Amino acid sequence: MDTQLIEEVIHDEQIEIDVRNAQRDLIILKYMAWRLRSILYQLDQAEKQGSEQPLPRQVQERCGRNHRIVIYRQQELLQLRSFAFVGFISKRKGVLQPEVVEAIKQTDQKLVAELVHAPSILSYSSLELPGGDWCNLVVLADSGAKMHIKHSETHIHAAHHLAHDYYKWIRLHNGTMPEGLDPVEMRLLSTKYYTFHPDQQRPSLRERTYGTRQVKEIKTRASQ
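Okay, here's the thing in structure tokens:
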């Protein structure tokens, strides 16, 4: 078997692995959307029509796992209209310094508080996974709202100063919710795969976009 053929086989296997991982992640994100919708329908009339922001909720999932949900725009979330979403699933490093863990926790709390002032951020959910890792789901009024998070000083600080010491890898999904919070209709549009290496500060990055029948690899490079 020649070298080119071996590389093609490895490449095809990587695509299959990426697709399977993305499909599993989407199942988790759909569950989180379902839980968010359930909580919205349980709000009393005053909460549904009120202007109090945010509305934090804590749900105890199976095996004692935590599910934190922060609702920023309850009236918009109840509308049957198209939303965008960002899904963040990660794996922590095996050995972590306590100060790094605390810094990540404080950063997450700060970001949740900051998002109150972003009118296109509708909700922010964090689900504890088996093993102590977390999955985040951010529901957005439109895809342009992602730029508010990306340009947040808190987000930039976490990405450039904390992520390398905390994460082994990150899968960052972008998708659409064409029927509002109906989880059945959630679709992935693209995924960025970040892998952190001990010998380099910046993670490597692969990005894939999803069509109706295939997955297309966009790039493989060291992230900027």
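Numbered per the working numbering, the sequence shown finishes at 262, counting up by one with no gaps.
Cβ coordinates follow ideal geometry from the N, Cα and C atoms, glycine included.
Treat the numbers as computed from the prediction; the structure is a model and nothing was measured.
List the endpoints of the continuous beta strand (DSSP E) containing residue i.
i      : result
Gln98  : Leu93 to Gln98
Glu152 : Unbroken run through Glu152 is the alpha helix (DSSP H), Pro136 to Glu152; no beta strand (DSSP E).
When the Cα of residue i is compared with those of the options, which residue comes out closest?
i      : options                           : result
Ser161 : Leu178, Tyr232 and Arg100         : Leu178
Leu115 : Pro92, Gly125, Glu99 and Cys101   : Pro92
Ile142 : Met70, His193 and Pro221          : His193
Asp180 : Pro236, Phe123 and Asn59          : Phe123
Arg130 : Met70, Ile187, Gly169 and Ala196  : Gly169
Asp171 : Arg58, Asp63 and Val57            : Asp63
Cys101 : Leu167, Val176, Thr233 and Met224 : Leu167
Asn174 : Asp56, Leu149 and Ser190          : Leu149
Ile55  : Thr229, Pro236 and Gln239         : Thr229
For residue i, which beta-bridge partners are listed by DSSP?
i      : result
Tyr162 : Val108 and Val176
Met215 : Phe121
Lys230 : Leu210 and Glu245
Ile187 : Its beta-bridge partners do not exist; DSSP assigns none.
Arg130 : Tyr205
Arg225 : Thr214
Just to confirm the assignment, what range does the alpha helix (DSSP H) spanning residue i have?
i      : result
His193 : Glu191 to His195
Hey, residue i and residue j are a contact pair by Cβ (cut 8 Å); roughly how many whole angstroms apart?
i      : j      : result
Leu219 : Leu74  : 6 Å
Thr145 : His195 : 7 Å
Pro221 : Ala71  : 4 Å
Gln112 : Leu153 : Contact doesn't hold; Cβ gap of about 14 Å is too wide.
Trp207 : Ser128 : 7 Å
Should residue i be flagged as near chain C, meaning a C-beta pair shorter than 7 Å?
i     : result
Glu99 : Annotation note: the requested chain C is absent from the structure, which comprises a single protein chain.
Three-pair Cβ contact test at 8 Å for the segment 152-167 versus the segment 237-247 | Note that the segment 152-167 does not touch the segment 237-247; fewer than 3 beta-carbon pairs, one per stretch, sit closer than 8 Å.
Does the count of Cβ pairs from the segment 180-191 and the segment 199-208 closer than 8 Å reach three?
-> Touching, no, given that fewer than three Cβ pairs across the two stretches are closer than 8 Å.
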